[in-house]
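One structure below.
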Amino acid sequence: MMIKKLIIALPLLLFFSIAVDAQKLVKRDEKKIDSLIQTVFGNKNEPGGVFMMTRKGNVLYRKAFGKANLELDVDMTPDHVFQIGSMTKQFTAVAILMLEQQGKLNVNDPISKYIKDYPNGDKITIHHLLTHTSGIKDFTKMKSLSSIAQKEMKPEAMVDFFKNEPVDFAPGEKFDYNNSGYVVLGYIIESVSGETYENFIRKNIFDKAGMSSSYYASDRKVIPKRAYGYHQKEQEFVNKTVISFSVPFSSGSLLSTADDMLKWQQALNGNVLLNPEETQKAFQTYNLNNGKEFTYGYGWHLKEISGIPDREHGGSIFGFKSMGIYIPQEDIYVIGFSNCDCHSPTEITRNMAKIAVASVKK
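With the sequence shown counted from 1, adding 98 to any position gets you this note's numbering.
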């Protein structure tokens, strides 16, 4: 009987020890993190941000700063919804791997299999698109971008916009961060699945992961708790430039919250969306044609925090910036959002991750 009670008690003791450890971490470092964030987001009457730090699923820090809407004088809360910009690429990459897992495509397929008339499409693979090694022209660097920025563009029209531009290099020769590649991936997702990118992501990722406050962006749709975006112009703030979200499309048009992004990370960790083999493809490094390794997987930069390997990605889109860092070895996740593209959360988020790592080591 005593042995049975002990078996029942041990998991409870482990749970409470983790909970106490989490509370100690907050008490020890909360002021340090507050100070770190307030150096950039210290004015409560300006656009602000949301920052969250977790370990083993336990929330160690979760706070909001500044205003979600200047005109209506709405304070930011940790529940506010942000445009996440290029963090969208994580979802696009996982969607591709889901389709591979279903046997509907292969990452080594040439894109000519899906877009018959794509120039040099028999040499460019889905893998090249995922790893930013395709050499195709990044549409965000094209001077003619302003001519379509506010137009409603179908995915095919977006691909047509840049596909005939001169390439920057041969496929696999270099790593060069590229939004166009992820737009092509979105087009392939729609072609292979028979669904819109928006519906595919919602049904296969948001719904499965329980991300009830995440969306494909729209300026017309009423989205509860949406934070509004701003630019800084000299000493004042102005409303963000309006663009059509069909332009960044699958390279940068998703919305989410800090809590939902934690659910996303947990779904990846728990193989809710992909089997372990497919998941690993996103989080491993690859080599260029010359054999040189580069530090990008499928939708994530693979770097280090305090000498420990991490997975990270930021985002920047008119009016917003974002940054997310995951440290697998310690199961630490840090996310930062800003609703002014004048304030980057990147260094703050990285420093928060360093604080978390240092706290674990103590």
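All C-beta atoms in this analysis are idealised placements derived from N, C-alpha and C, irrespective of residue type, glycine included.
Distance from the CA of residue 277 to the CA of residue 236, rounded to the nearest whole angstrom, comes to 6 Å. Just so you know, the alpha carbons of residue 241 and residue 349 end up roughly 19 Å apart. For the set 378, 452 and 257, the Cα lying nearest the Cα of residue 192 is the one of 378. For residue 300, there is no enclosing beta strand (DSSP E), as DSSP marks it with neither H nor E. Looking from the CA of residue 311, the closest CA among 323, 302, 301 and 318 belongs to 323. With a 10 Å radius around the Cβ and a threshold of 16 neighbouring Cβ atoms, residue 198 comes out buried.
Under the DSSP assignment, residue 357 falls in the alpha helix (DSSP H) whose first and last residues are 356-367.
Around the beta-carbon of residue 354, 16 or more other beta-carbon atoms lie within 10 Å, marking it buried. Inter-residue distance for residue 381 and residue 230 is about 15 Å (C-alpha atoms, whole angstroms).
Here residue 144 carries a coil assignment [DSSP, helix/strand/coil].
At the C-beta level, residue 285 and residue 254 come within 8 Å of one another. The three-state secondary structure of residue 342, taken from DSSP, is coil. Unbroken alpha helix (DSSP H) stretches of 4 residues or longer found wholly inside the stretch 207-276: 224-228 and 253-260, given in chain order.
Bridge pairing for residue 162: 148 [DSSP]. Segment contact: the stretch 294-303 against the stretch 401-414, fewer than three CB-CB distances shorter than 8 Å; contact not assigned. The C-alpha of residue 384 is placed about 39 Å away from the C-alpha of residue 321.
Non-local C-beta neighbours of residue 280 in its own chain, meaning closer than 6 Å and more than five positions away in sequence, comprise 187, 190, 348 and 349, ordered along the chain. Scanning its chain for C-beta atoms nearer than 6 Å, with the 5 sequence neighbours on each side dropped, one finds around residue 442 the residues 419, in chain order. Judged by their CB atoms, residue 271 and residue 233 are nearer to each other than the 8 Å cut-off.
Non-local C-beta neighbours of residue 433 in its own chain, meaning closer than 6 Å and more than five positions away in sequence, comprise 150, 356, 359 and 422, ordered along the chain. Residue 413 and residue 273 have their C-alpha atoms spaced approximately 18 Å apart. Cβ atoms of residue 147 and residue 164 come within 8 Å of each other, at about 7 Å. According to the DSSP assignment, residue 407 belongs to no alpha helix (DSSP H) but to the beta strand (DSSP E) extending over 406-415. Residue 335 and residue 388 have their C-alpha atoms roughly 47 Å apart. If you check the CB distance, residue 194 and residue 159 do not come in under 8 Å.
Minimum Cα-Cα distance from residue 168 among the listed residues 156, 145 and 162 corresponds to 145. For residue 315 against residue 291, the beta-carbon gap comes to about 20 Å, at or over 8 Å, which does not count as contact. Between residue 208 and residue 223, the alpha-carbon positions lie close to 4 Å from each other. Straight-line spacing of the CA atoms in residue 179 and residue 161 works out to 14 Å. Between residue 362 and residue 325, the C-beta spacing is not below 8 Å.
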